[in-house]
Amino acid sequence: MTTTGTIRSATGYLRSWVEAQAAHRRVPGVQVAIRSGDELVLSAAVGVADATTGAPLSTGHLFRIASHSKTFTATAVLRLVEAGHMRLDDPIGQFVPELEDGGSPIARVTVRELLGHQSGVIRDGQDGDFWQLGRPFPDRSGVVAEVLRAGAVHRRNEHFKYSNVGYALLGLAIESVTGSTYAEHLQASVLEPLGLTRTGAEYDPARAEEYAAGHTGLLLGEDTRQTIEHVDTRAMAAATGFWSTAEDLTAYGAAHYLGDERLLSDDSKRIMQRLESIVTAYGTEVGRYGVGMALQTVGERQLVGHSGGYPGHITLTLIDPVDRLVVSVLTNAMDGPAEDLAVGLVKVIDVALTPRTEVPPPPAGAPPLASFTGRFASLWGVLDVAELGGRLVLIRPTLTDPLPGVEELEVVDASTLRVAAQPSFGPAGELVPVQRDADGRVVSLRFGGVTSRPVDEFRRLRSGMTHLA
């Protein structure tokens, strides 16, 4: 089976895994899409678009994707560079003359330094309470005034310093070069060539009913959430204004595969995707960054992409530009676990593609692998038996990182599995008895000697497990 075929065959379980994660973490809604090569193999929505109304989330709901905007901005800049309208070593003062006129040292910062967060520019300004709707996001004059007042925090190339204000300056540079607004240019330069109709550079009130509501986090054990108003990010749009769907983001991510030159040449993509900064804080590496894209390693995969944090929405898109995979996860809560879900999906995909260890094939006459699969629970938690890549695996679907809990399973016969033999603190190498009903459905399995049952059946019996029989 091809790579795409294997991933496609696993999508039923991938969706089920996301559902378990969302329920366990009490996330209002999760929108997820996976693209392998040119094929959209999964597009799914779990939960609600608005916790106060209970409206179900759909794959068409729009999410504020925040700092994903930086990859769109960087793509637009590199397109202008390829066209000869800008250079990466141009100083930003060339495009925002108020910085030169005001004598700001930021005027000498280059386009590339801004794209790679090596400019030393203040992150959000001295008053960033627009991030919690304490005031409107700044307009052009507000951004420029903030840079003139307190823009320089570090010297150029002294430290990696993530800066939304720096990207706002890049948005002003795009407007200076093109004579268009930032949103108009991004629409014509990036979105239209890809046919993206559910993506935009700034909040569109005409489509207000299409947006998923953003929600507050569950603070210190709270159990209710409030919705958060969508607002215009104004001159900060180049840093944080974009909205989209997971489907559209996988289509956009595919344009960053090496070999796909619809938006950029591979030369420019290598600039965006090449390591510029290893970000080390207090002696510990906390991230890596290129030119408008974050870099991340998951297993053997070298991924690029970006996260996004907007009031009420937390999002992440990961792109494997070599092996041609895109995973996008959008959540509609301030504490939404988009990173854990996206990284977890990549790990489960790789379990489907590559066995963790070899086990003997099922014996002749054994029932189909699908007849063993299901979600089971005991007092100790939830276990999934899933068919991935033509094999049975056991996964603990509520773990933040699924990989340490994945076990390869051998089919011994219709009523017995065996956990692959490995060094282990658990029941590796042991038999897993399987009990079926008259119709052949699994009604219990005994993993490590502990009986697990289908979730609804376990719930019915759970109270009897809280005292000694």
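Each residue of the sequence shown is one higher than the one before, starting from 0 at the first, in numbering that gives the first Met the number 0. Backbone N, C-alpha and C define an ideal beta-carbon position, used for all residues, glycine too. Since the model is a prediction, treat every value here as computed from it, not as a measurement.
With DSSP run on the structure shown, which of helix, strand or coil describes Gly-102? In the structure shown, Gly-102 sits in coil (DSSP, three-state: anything other than H, G, I, E or B).
For Val-454 and Arg-395, believed in contact at Cβ under 8 angstroms, the rounded distance: Not really, about 14 angstroms apart at Cβ, beyond 8 angstroms.
Among Gly-141, Tyr-161, Pro-104, which one has its Cα closest to the Cα of Ala-151? Out of Gly-141, Tyr-161, Pro-104, Pro-104 has the C-alpha closest to the C-alpha of Ala-151.
Which value, in whole angstroms, describes the spacing of the CA atoms of Gly-178 and Pro-401? Near 49 angstroms, if we compare the C-alpha coordinates of Pro-401 and Gly-178.
Would you check if the distance between the CB atom of Ala-75 and the CB atom of Ser-188 is smaller than 9 angstroms? Cβ atoms of Ala-75 and Ser-188: closer than 9 angstroms.
Name the two residues that bound the continuous beta strand (DSSP E) containing Asp-383. Under the DSSP assignment, Asp-383 falls in the beta strand (DSSP E) whose first and last residues are 380-387.
Identify every run of the alpha helix (DSSP H) within the stretch 97-166, keeping only runs that are complete inside it and at least 4 residues long; order them along the chain. List check, alpha helix (DSSP H) in window: 110-114, 139-149.
Report yes if the C-beta distance between Phe-159 and Tyr-288 is below 9 angstroms; otherwise report no. If you check the CB distance, Phe-159 and Tyr-288 come in under 9 angstroms.
In three-state terms, what does DSSP make of Ser-243? Secondary structure at Ser-243: strand, using DSSP grouped into helix, strand and coil.
Whole-angstrom distance between Val-411 and Glu-208, CA atom to CA atom: The straight-line gap from Cα to Cα measures roughly 54 angstroms.
In the stretch 316-399, which residue ranges form an unbroken beta strand (DSSP E) of at least 3 residues, counting only runs that do not cross its ends? For the stretch 316-399, the continuous beta strand (DSSP E) assignments of 3+ residues that do not extend past its boundaries occur at 324-330, 373-377, 380-387, 390-394, in sequence order.
Can you give the Cα-Cα distance for Ile-318 and Leu-257, rounded to whole angstroms? Leu-257 has its alpha-carbon roughly 11 angstroms from the corresponding atom of Ile-318.
Buried or exposed: which applies to Phe-424, given that a residue is buried once 16 or more other Cβ atoms fall within 10 Å of its Cβ? Its Cβ having fewer than 16 others within 10 Å, Phe-424 is exposed.
Using a threshold of 9 angstroms, state whether the C-beta atoms of Ala-341 and Ala-413 are closer than that. Taking 9 angstroms as the Cβ cut-off, Ala-341 and Ala-413 do not qualify as a contacting pair.
Would Val-449 be called buried (16 or more neighbouring beta carbons within 10 Å of its own) or exposed? So Val-449 counts as exposed.
Here's the rule I'm using: 16 or more other beta-carbon atoms within 10 Å means buried, otherwise exposed. How should Tyr-281 be labelled? Counting C-beta atoms within 10 angstroms of its own C-beta, Tyr-281 has fewer than 16 neighbours from the protein chains shown and is therefore classed as exposed.
What are the residues that DSSP puts in a beta bridge with Tyr-256? Tyr-256 is not bridged to any residue.
Taking 8 angstroms as the limit between beta carbons, can you name the residues of its chain near Pro-135, skipping five residues before and five after? The answer, listed in chain order, is Phe-129, Val-230, Asp-231, Arg-233.
Start and end residues, alpha helix (DSSP H) containing Asp-266: Element bounds for Asp-266: 265-272.
Nearest neighbour of Lys-268, chosen from Val-345, Val-80, Ser-327 [CA to CA]: Put simply, of Val-345, Val-80, Ser-327 the residue whose alpha carbon is nearest the alpha carbon of Lys-268 is Val-80.
CB-CB under 6 angstroms to Gly-291, same chain, minus the five flanking residues each way: which ones, in chain order? So the list reads Lys-69, Thr-70, Ala-73, Leu-114, Met-271, once near-sequence residues are dropped.
My output table needs one value for Tyr-181: the three-state DSSP class, helix, strand or coil. Three-state DSSP puts Tyr-181 in a helix.
What are the boundary residues of the alpha helix (DSSP H) that includes Ser-306? Per DSSP, Ser-306 lies in no alpha helix (DSSP H); the unbroken beta strand (DSSP E) holding it starts and ends at 300-309.
Taking three-plus beta-carbon pairs below 8 angstroms as touching, is the stretch 18-35 in contact with the stretch 236-251? Yes, the stretch 18-35 touches the stretch 236-251.
From what residue to what residue does the alpha helix (DSSP H) around Thr-283 run? Thr-283 -> not in any alpha helix (DSSP H); beta strand (DSSP E) instead, spanning 283-288.
For Gly-36, tell me which candidate among Gln-93, His-466, Val-347, Val-325 has the shortest Cα-Cα distance. Checking every option, the nearest Cα to that of Gly-36 belongs to Val-325.
By a C-beta neighbour count over all protein chains shown, 10 Å radius and 16 as the cutoff for buried, is Trp-379 buried or exposed? Trp-379 comes out exposed.
Measuring straight from C-alpha to C-alpha, what distance separates Met-464 and Thr-399? Cα-Cα distance, rounded: 26 angstroms.
How would you write the range of the beta strand (DSSP E) that Ser-35 sits in, first residue to last? Its beta strand (DSSP E) spans residues 28-35.
Classify Val-285: buried if its beta carbon has 16 or more other beta carbons within 10 angstroms, exposed otherwise. Exposed, since its Cβ has fewer than 16 Cβ neighbours within 10 Å.
Would you give the residue range spanned by the alpha helix (DSSP H) that Glu-81 belongs to? Element bounds for Glu-81: 68-81.
Roughly how far, in whole angstroms, is the beta-carbon of Glu-157 from the beta-carbon of Gly-119, given that I think they are within contact range, below 8 angstroms? The distance from the Cβ of Glu-157 to that of Gly-119 is about 6 angstroms, consistent with a contact at the 8 angstroms cut-off.
Restricting to Cα atoms, I'd like to know which of Ala-172, Gly-240, Val-384 is closest to Gly-199. Selected option, being the one with the closest Cα: Gly-240.
Taking all protein chains shown into account, do 16 or more other C-beta atoms lie within 10 angstroms of the C-beta of His-84, making it buried, or fewer, making it exposed? So His-84 counts as exposed.
Could you say which of Leu-193, Leu-352, Gly-220, Ser-443 lies nearest to Met-0 if we only look at CA atoms? Cα-wise, what sits closest to Met-0 is Leu-352.
Can you list, in chain order, the residues of its chain whose CB lies under 7 angstroms from that of Pro-426, leaving out five sequence neighbours each side? Closer than 7 angstroms at the Cβ level, and outside the excluded window around Pro-426, lie Val-418, Phe-446, Gly-447.
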